[in-house]
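Student:
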Amino acid sequence: MSSQHGTGLTDIKEKNRALALQLIATEQSVSRVDLARKMHLTKTTLGNIVSELIEKNIICEYNGQEKSTELTLGRRPILLDLSPASPLIAGMLVKRNLLTVILADLRGTIAMQADYEYHTMDGELLITKLLAMYEQLAARQSRQIVAIGISSMGPIDTVRKMILSPSDFWGIHDVPIGSVISEKTGLPTFLIHDCTAGALAEKLYGSKTKPYNNMLYLHIMNGIGVGYILHGSVYEGDSGQNVELAHTSIQLNGPKCTCGNTGCLALYANTEKMNEKIHSLRGIYPLSGGLPAKPHYSWEEMIGAASSGDFFALSALDDFCTYLVCALRNTLNLLAIHHVVVGYNAPCATTILEDVLRSKLNTQAPNTFTQPIVIEKSTFGGDAPLIGSIAVVANKIFSGQLNIF
Ligand SMILES: [Zn+2]
2 MSSQHGTGLT
12 DIKEKNRALA
22 LQLIATEQSV
32 SRVDLARKMH
42 LTKTTLGNIV
52 SELIEKNIIC
62 EYNGQEKSTE
72 LTLGRRPILL
82 DLSPASPLIA
92 GMLVKRNLLT
102 VILADLRGTI
112 AMQADYEYHT
122 MDGELLITKL
132 LAMYEQLAAR
142 QSRQIVAIGI
152 SSMGPIDTVR
162 KMILSPSDFW
172 GIHDVPIGSV
182 ISEKTGLPTF
192 LIHDCTAGAL
202 AEKLYGSKTK
212 PYNNMLYLHI
222 MNGIGVGYIL
232 HGSVYEGDSG
242 QNVELAHTSI
252 QLNGPKCTCG
262 NTGCLALYAN
272 TEKMNEKIHS
282 LRGIYPLSGG
292 LPAKPHYSWE
302 EMIGAASSGD
312 FFALSALDDF
322 CTYLVCALRN
332 TLNLLAIHHV
342 VVGYNAPCAT
352 TILEDVLRSK
362 LNTQAPNTFT
372 QPIVIEKSTF
382 GGDAPLIGSI
392 AVVANKIFSG
402 QLNIF
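FYI, the working numbering numbers position 317 of the sequence shown as 318, with every residue one higher than the one before it.
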C-alpha cells in the first residue's frame, strides 16, 4: 500500500511549521510555551521552528504587556505574532455586479482593497479587470504576495479552476479564471464557491470560542446559498460545484423553476416575495408600518425595518423564514448538523433573522433533532465570502498543501 502523505522527518517538520504558523495566525496571544503544549513538542523542537519563522520574517515576538489591557504582576509574557512584513494573500470576489480584490495577511486582516461595480460584463473583460485591480494594489505593496484565492458564485469547477454557467451573469460561461490569472501573475490560484468560502472563513477565522466539527453556513443576499464544514473540513462535492439549498424542492406540486426542478425554495424565499408581502399588507393597512412607501425595498432595508419592529417587514421576514426553515430542517436532519452560521448584510447589529430562524427550527423540530439547533450570525456578516477568498489560500498553507517557506 502506498500513501499520498509522506511521513519522513522533513514532512513532519514542514507540517509542524505550518501548524505553528496557523496557531500564531489564528489564536489570540500565543507564547512559545502555549505552542509547545498545544503541538505536543519539546521546547527545543518548537524553538527551532519559531527561530526559522522569525528568521524568514514571517512571525515576530512582542511584549505581551504592550497589547494587554489588564494590569498583571510578574514577568511580562513574550508572545508571538505575524510579522508586519509577513507575506500577503490576494483575494478576489466575483459577484454579479461587483468585483472586489483584496490583499490580506494570513490572519485574514485586509491591508488593501479595490472594488469595481459594473452593469455589463464578458468573460475576457472579467479577467482583465481583476488582473488590473490586482496589479494596482500589488504595485503599492512591498510585502510578498504568495498566492491568489478566487471566490465566485457557482456553478464552478475547482479542479479545472473554471467559472461554469452562473444564472443571470451577463451570458458569461466557461471562464478559465484560475489558469489565466495564475499564468499572468505567476502565482498559484485557488478557486472556491463563494458560500463554501464563507463557511471556510468562519471555520478558520471566526467563532473561535465555539469549536465545532460540523457546520452549515447560510449566505443570504439576492439568493440563498450554503456551504458546509463536515468533520472539520470544508466540503466541496466532487469538483467544488454548488452544494444547493435554494434549489431543493419544498413543494412537490409547485411551479417549475429555471433550474428544471419544481417547487424550489428559491421560488418562495426571496426578496421579491418579501416585497410582495409588504406591498400587499400596505394595501390592507395603509396607515400602519414604519417603512416609507416606495416601489422596492432592498434586503438591508427590510431587515433593518424588521429589527425596528415594523409589522410589514416582520411579517415578510416571517414568511421568508418559514419557507427557509422547511428546506433547512431537511438538510440539518439529513446530515445531523446542529450548528448554523448565517452571513448577510444588515444596516445594524440585529439578530432578528437568527431569532426567527432559531425559534422556528427549535419549536417545530422533529424528534430526530436530538439537541437544539444553534444559529449564529457570521463574524464577517455579508463579507464572509470575501474573507473566504483569503481563507482558501491560508488553509492550504496551514495544512501544508502550499509551501511558502
Ligand atoms: Zn430551482
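Every residue gets a Cβ at the ideal spot worked out from N, C-alpha and C, and that includes glycine.
Keep in mind it's a predicted model, so treat the numbers as computed, not measured.
Measure the C-alpha to C-alpha separation of residue 260 and residue 219 and round it to an integer number of angstroms.
Tutor: Mapped onto the sequence shown, residue 260 falls at position 259. Mapped onto the sequence shown, residue 219 falls at position 218. Whole-angstrom Cα-Cα distance: 20 angstroms.
Student: Just how far apart, CA to CA, sit residue 298 and residue 102?
Tutor: As a first step, residue 298 is located in the sequence shown; it is residue number 297 there, counting from the start. As a first step, residue 102 is located in the sequence shown; it is residue number 101 there, counting from the start. Near 28 angstroms, if we compare the C-alpha coordinates of residue 102 and residue 298.
Student: Considering residue 53, what are the terminal residues of the alpha helix (DSSP H) in which it resides?
Tutor: Residue numbering aside, residue 53 sits at position 52 when the sequence shown is read from its first letter. That run of the alpha helix (DSSP H) goes 44–56.
Student: Going by alpha carbons, who is nearest to residue 376 out of 394, 91 and 354?
Tutor: Residue numbering aside, residue 376 sits at position 375 when the sequence shown is read from its first letter. When each option's Cα is compared against that of residue 376, the closest is 354.
Student: Buried or exposed: residue 106, going by 16 or more other Cβ atoms within 10 Å of its Cβ?
Tutor: Counted from its first residue, the sequence shown places residue 106 at position 105. Buried, since its Cβ has 16 or more Cβ neighbours within 10 Å.
Student: Pull up the distance between the alpha-carbon of residue 51 and that of residue 303, whole angstroms please.
Tutor: Taking the sequence shown and counting its residues from 1, the one referred to as residue 51 is at position 50. Taking the sequence shown and counting its residues from 1, the one referred to as residue 303 is at position 302. Approximately 50 angstroms, taken between the alpha carbons.
Student: Using the rule of at least 16 other Cβ atoms within 10 Å of the residue's Cβ for burial, across every protein chain shown, is residue 155 buried or exposed?
Tutor: By 1-based counting over the sequence shown, the position of residue 155 is 154. Buried: at least 16 other Cβ atoms inside 10 Å.
Student: For residue 64, which three-state DSSP category applies?
Tutor: Within the sequence shown, the letter at position 63 stands for residue 64. Reduced to three states, the DSSP call for residue 64 is strand.
Student: Return yes when at least one heavy atom of ligand 1 lies under 7 angstroms from the C-beta of residue 258, else no.
Tutor: Looking up residue 258 in the sequence shown gives position 257. Checking every heavy atom of ligand 1 against the Cβ of residue 258, one is found closer than 7 angstroms.
Student: Provide the residue span of the alpha helix (DSSP H) that contains residue 107, from first to last.
Tutor: Locating residue 107 in the sequence shown gives position 106, counting from the first residue. That residue, residue 107, is in no alpha helix (DSSP H); it is neither H nor E in DSSP.
Student: Output yes or no for whether 8 angstroms exceeds the beta carbon distance between residue 328 and residue 246.
Tutor: Counted from its first residue, the sequence shown places residue 328 at position 327. Counted from its first residue, the sequence shown places residue 246 at position 245. Yes, Cβ-Cβ distance for residue 328 and residue 246 is below 8 angstroms.
Student: Between residue 147 and residue 391, what straight-line distance do the alpha-carbon atoms span, to the nearest angstrom?
Tutor: The count along the sequence shown starts at 1 and reaches residue 147 at position 146. The count along the sequence shown starts at 1 and reaches residue 391 at position 390. Cα to Cα, the separation comes out at about 11 angstroms.
Student: For residue 322, which residues from the same chain have a beta carbon less than 6 angstroms from its beta carbon, with the 5 sequence-adjacent residues on both sides left out?
Tutor: Residue 322 sits at position 321 when you count from the first residue of the sequence shown. Taken in chain order, the residues that qualify are 357, 358 and 361.
Student: At 4 residues or longer, and completely inside the region 240–323: list those alpha helix (DSSP H) runs for me, N to C.
Tutor: The region 240–323 contains these whole alpha helix (DSSP H) runs: 266–269, 272–285 and 300–308.
Student: According to DSSP, simplified to helix, strand and coil, what is residue 360?
Tutor: One-based indexing of the sequence shown puts residue 360 at position 359. DSSP places residue 360 in helix when its eight states are reduced to three.
Student: Taking residue 345 as the reference, give the member of 384, 292 and 64 with the closest Cα.
Tutor: By one-based count along the sequence shown, residue 345 stands at place 344. The option with the nearest alpha carbon to residue 345 is 384.
Student: Helix, strand or coil for residue 234? Go by DSSP, reduced to three states.
Tutor: Start at 1 with the first residue of the sequence shown, and residue 234 comes out as number 233. Residue state, collapsed to three classes: strand.
Student: Closer than 7 angstroms to a non-hydrogen atom of ligand 1 - does that hold for the CB of residue 248?
Tutor: Taking the first residue of the sequence shown as 1, we reach residue 248 at position 247. Yes, since a heavy atom of ligand 1 falls inside the 7 angstroms radius drawn around the Cβ of residue 248.
Student: Closest by CA to residue 61, which one among 46, 306, 42 and 83?
Tutor: Taking the first residue of the sequence shown as 1, we reach residue 61 at position 60. Among 46, 306, 42 and 83, the Cα nearest to that of residue 61 is on 83.
Student: For the candidate residues 78, 20 and 270, whose alpha-carbon lies nearest to that of residue 54?
Tutor: Sequence index remark: in the sequence shown, residue 54 carries index 53 (1-based). Nearest option by C-alpha distance: 20.
Student: Using three-state DSSP, classify residue 410 as helix, strand or coil.
Tutor: Outside the modelled stretch of the chain, which goes from 2 to 406, sits residue 410, for which no answer is possible.
Student: Give a yes or no on contact between the region 196–208 and the region 136–145, applying the rule of three or more CB pairs nearer than 8 angstroms.
Tutor: Touching, no, given that fewer than three Cβ pairs across the two stretches are closer than 8 angstroms.
Student: Got a sec: is the Cβ-Cβ distance from residue 166 to anything in chain C below 8 angstroms?
Tutor: Annotation note: the requested chain C is absent from the structure, which comprises a single protein chain.
Student: Runs of 4 residues minimum, wholly inside the region 359–397: which ones carry the alpha helix (DSSP H) assignment?
Tutor: Runs found: none.
Student: So what does DSSP say about residue 80, is it helix, strand or coil?
Tutor: Within the sequence shown, numbered from 1, the residue matching residue 80 stands at position 79. In the structure shown, residue 80 sits in a strand (DSSP, three-state: E or B).
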